[in-house]
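Below you'll find the structure, written out as structure tokens, and then a few comments.
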Amino acid sequence: MAKPIVLIIRDGWGINPGGKPRREENGDASLLARTPFHDRLYQEYPVGKLSGSGLDVGLPEGQMGNSEVGHLNLGAGRIVYQDLTRINKAIAEDDLPRNSVVRETFERARGHRLHFLGLVSDGGVHSHYRHLVALAQQARAAGVTDILVHAFTDGRDTSPTGGAGFLEACSAELSKCGAEIATVIGRYFAMDRDRRWERTKKAWDAIVLGRGERSGMT
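Per our numbering, the sequence shown starts with residue 16, numbered consecutively.
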């Protein structure tokens with residue numbers, strides 16, 4: 016009789032190179048906790064290690080992994096090259112002008128205001144701010160002169176306090192092609208997935224109606 020096999024993925028439970036002897040130093044919750052069942056599995060059954068970042072999971076070298084990438088590679092049983100890698104390649108090889116959707120969008124936007132909305136960080140899960148910069152540069156090269164960016168700060172795939180640094184870096188690059196940051200709002204509001212419409216409304220009001228705190232950022 017065939018026996019069932021269960022694949023259990025525990026998000027956030029990784030392998031800390033510090034190991035148990037250094038549990039007080041590294042702040043790893045799974046090491047600080049009492050985990051008798053987990054410890055017994057390690058002692059009594061074969062154990063292997065999988066890399067969950069960089070080229071091993073289809074991301075650029077040195078790029079941290081995430082749950083979506085890990086699940087996709089495990090499910091496929093092979094390396095699946097991620098959108099981040101493909102877009103980086105397209106930018107590096109100057110393929111954006113040859114992308115029909117990008118080209119036609121910028122052609123239609125000439126003489127009008129072009130809005131970009133998206134996550135501004137280097138998390139690489141849902142976006143990378145360098146992709147935004149590349150699109151703004153390409154829009155300018157295509158003759159679009161009025162470009163506004165509605166930036167969603169991260170704090171989930173990157174540091175909760177890293178938003179200001181990403182905005183500063185992004186703004187410096189955007190200014191070179193005449194683009195400006197029009198609104199700033201956290202992904203907690205702008206990317207809510209739980210149908211909490213009061214959060215989404217705050218993002219809508221800021222982007223569409225211009226409601227929110229005014230900033231002196233230039």
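All C-beta atoms, glycine included, are put in the ideal place defined by N, C-alpha and C.
Taking all protein chains shown into account, decide if residue i is buried (16 or more other Cβ within 10 angstroms of its Cβ) or exposed.
{"i": "residue 129", "result": "buried"}
{"i": "residue 143", "result": "buried"}
{"i": "residue 30", "result": "exposed"}
{"i": "residue 140", "result": "buried"}
{"i": "residue 102", "result": "buried"}
{"i": "residue 176", "result": "exposed"}
{"i": "residue 114", "result": "exposed"}
{"i": "residue 65", "result": "exposed"}
{"i": "residue 52", "result": "exposed"}
{"i": "residue 47", "result": "exposed"}
{"i": "residue 147", "result": "buried"}
{"i": "residue 189", "result": "buried"}
{"i": "residue 225", "result": "exposed"}
{"i": "residue 218", "result": "buried"}
{"i": "residue 111", "result": "buried"}
{"i": "residue 20", "result": "exposed"}
{"i": "residue 24", "result": "exposed"}
{"i": "residue 90", "result": "exposed"}
Under a three-way DSSP split, which group does residue i fall into?
{"i": "residue 200", "result": "strand"}
{"i": "residue 128", "result": "strand"}
{"i": "residue 182", "result": "helix"}
{"i": "residue 54", "result": "helix"}
{"i": "residue 187", "result": "helix"}
{"i": "residue 36", "result": "Any answer about residue 36 is weak, because its pLDDT of 49 lies below 50 and its placement is not dependable; what the coordinates show is given next. Three-state DSSP puts residue 36 in a helix."}
{"i": "residue 20", "result": "coil"}
{"i": "residue 161", "result": "strand"}
{"i": "residue 221", "result": "helix"}
{"i": "residue 194", "result": "strand"}
{"i": "residue 166", "result": "strand"}
{"i": "residue 74", "result": "coil"}
Do residue i and residue j have their C-beta atoms within less than 8 angstroms of each other?
{"i": "residue 180", "j": "residue 198", "result": "no"}
{"i": "residue 172", "j": "residue 82", "result": "no"}
{"i": "residue 158", "j": "residue 169", "result": "no"}
{"i": "residue 221", "j": "residue 167", "result": "no"}
{"i": "residue 92", "j": "residue 67", "result": "no"}
{"i": "residue 203", "j": "residue 214", "result": "yes"}
Looking at chain B, is there any beta carbon in it that lies within less than 8 angstroms of the beta carbon of residue i?
{"i": "residue 93", "result": "This model lacks chain B altogether, as it is built from one protein chain only."}
Touching by the beta-carbon criterion (3+ pairs, under 8 angstroms), the stretch 52-65 and the stretch 149-161: no
The stretch 191-206 contacting the stretch 155-164, beta-carbon criterion three pairs below 8 angstroms: yes
Segment contact, 8 angstroms Cβ cut-off, at least three pairs: the stretch 92-99 with the stretch 65-75: Touching, yes.
Cβ contact (3+ pairs, closer than 8 angstroms) linking the stretch 167-186 and the stretch 121-136: yes
Unbroken stretches of the alpha helix (DSSP H), 4 residues or longer, contained in the stretch 103-147: Whole alpha helix (DSSP H) segments, 4+ residues: 115-124.
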